[in-house]
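Heads up: the sequence shown runs through residues 278 to 551, numbered per our numbering.
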Amino acid sequence: MNRNGLKIGEFSRLCRVTVRALRHYEKIKLLVPEIIDYSTGYRYYSVGQMQKALNIVKLKGLGFSLEEIRTMYDSDSQRPSIDMLEEKIRTCHEQLQLLIECRDRLSAMITFQKKLNEMEKIYIDSLPAIIVASHRAEIPSYDELGKLCYMTIGPEMARLGCECPEPGYCYTIEHGGYKKENIDIEYCEQVAAMGKDSDIIKFKQIPQAAEAVCMKVYGPYNRLNENIREVLEWIEANGYTITYPPRYSYVDGIWNQEDPEKWLTIIQVPVEKA
């Protein structure tokens, strides 16, 4: 310790505050060195300033901003008021709720991913009853599906205030069967509640399918035709009949995978034993 006080490095170590933070506190006039030697540029802090530095660290840890802390010291209170503390408690509750919701969404995604990894190429699954927001249109080719989702369906769902449960479930139905061009397609995305129909979006209750023959398909969408044929042949060979049009559920696509070979679509065909 110098006779003039503690140098900034010494003060930093004792108070467990970085030198960079101390220089910022000085810049905003929250904690200014007691002595500044302008001939050398050295800054000296007094032992008495250690308590203020430690208090700043404590208040920051409780969620108070530097501006709020400076206001406390400017008003000579040096501690938060009851109203300020109660407001921080309310903020903590809000942040805690957001973290709980985030944890639950992550858990749902883990469960879905584990289930997906364990599935065979063709398997039987059940499809729960859900509410969907749907949009039906004719598109020239599958290349236009992404544009339809991003430019038309997505913005309209956002305008209507649609909430989509995690991990997210969307699919298409091709009315009139699979075609490479001029596709009569209906896009459906699961939502939390029924909404008010618009010119673009219609809300529907989709019934449960106790059994559905499903197939995981990796690759671009032009391969779906040969895969749906394989699924239909499997259904016939195993004594099932189709009860509802096939769904093409999109798990991974151009929105999160640049390589089309990594796109994952699950064909889902609701069935019952013949």
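Where a beta carbon is used, it is the ideal one built from N, C-alpha and C, also for glycine.
Would the beta-carbon of residue i fall within 7 Å of that of residue j?
i	j	result
Val468	Ala410	yes
Cys502	Val494	The question names Cys, but residue 502 is Asn in the sequence shown. Contact flag unset, no.
Gly286	Ile312	no
Ala552	Ser403	Nothing can be reported for residue 552, as the shown portion of the chain is limited to 278 through 551.
Gln485	Pro547	no
His412	Ile483	no
Gln545	Ala489	yes
Tyr464	Ile416	no
Gln355	Met349	yes
Gly516	Ala551	yes
Leu339	Ile346	no
What residue range does the beta strand (DSSP E) around residue i cover?
i	result
Phe556	As shown, the chain starts at 278 and ends at 551. That puts residue 556 outside it, with no answer to give.
Glu466	Ile460 to Val468
Ala489	Ala486 to Tyr495
Tyr400	Ile399 to Leu404
Specify the secondary structure class of residue i as computed by DSSP and reduced to three states.
i	result
Leu291	helix
Glu363	helix
Thr520	coil
Arg320	strand
Asp420	helix
Cys426	helix
Tyr384	The sequence shown places Ser at residue 384, not Tyr. Looking at Ser384 - three-state DSSP - the assignment turns out to be helix.
Ile377	helix
Please list, in chain order, all residues of the same chain as residue i whose beta carbon is under 6 Å from its beta carbon, the five residues on each side excluded.
i	result
Ile399	Met492 and Trp511
Val296	Ile285 and Ser289
Ile407	Gln467 and Ile483
Tyr521	Pro547
Asp461	Glu415, His452 and Gly453
Excluding five sequence neighbours on each side, which residues of the same chain lie with their C-beta closer than 8 Å to the C-beta of residue i?
i	result
Glu443	Asp381, Arg382, Ala385 and Met386
Gly472	Ala410, Leu437, Gly438, Cys439, Ile478 and Phe480
Give every residue of the same chain whose Cβ lies closer than 7 Å to the Cβ of residue i, excluding the five residues on either side of it in the sequence, and list them in chain order.
i	result
Pro537	Gly496 and Pro497
Tyr319	Lys284
For the alpha helix (DSSP H) that residue i lies in, which residues bound it at each end?
i	result
Ile333	Met327 to Gly338
Ala508	According to the sequence displayed, residue 508 carries Val and not Ala. Counting along the chain, the alpha helix (DSSP H) containing Val508 begins and ends at Leu501 to Ala514.
Indicate whether the contact test is met: 3 or more Cβ pairs, each with one atom in the stretch 519-536 and one in the stretch 436-452, closer than 8 Å.
yes
_Three CB pairs or more closer than 8 Å across the stretch 291-310 and the stretch 329-339_ = yes
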